[in-house]
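Residue numbers (the working numbering): 150 to 263.
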């Protein structure tokens, strides 16, 4: 059974930074495409960033140049570094692994507010 556990969310002022982490247990992490998604109240869940097993990355236009996704296969962990945060980045952020099956984490709240 694959389990994903996110951490690192919180309350931050506009312009601030946060780093989210997602630790994956079970399965073969190095083979997974990993992604960060977010869901704001009243909105659909949307892709934020993804990273392949080979390290290729993809970002939503709204976060390009501000967010960076990375992975550490030795630690079975994927990160999302978020800089220059805006109030519209407020959402629950979810980690997702994809290979033969899709797994989701439980989510971590990010609130950007002064």
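We treat Cβ as the ideally placed atom computed from N, Cα and C, and that holds for glycine.
Taken atom to atom, the span from the alpha-carbon of residue 178 to that of residue 211 is near 27 Å. Beta-bridge partners of residue 155 (DSSP): 171.
Between residue 170 and residue 226, the C-beta spacing is below 7 Å.
Residue 166 sits in coil when the DSSP states are folded into three classes, being neither helix nor strand.
Where residue 249 is concerned, there is no enclosing beta strand (DSSP E), because DSSP gives it neither an H nor an E.
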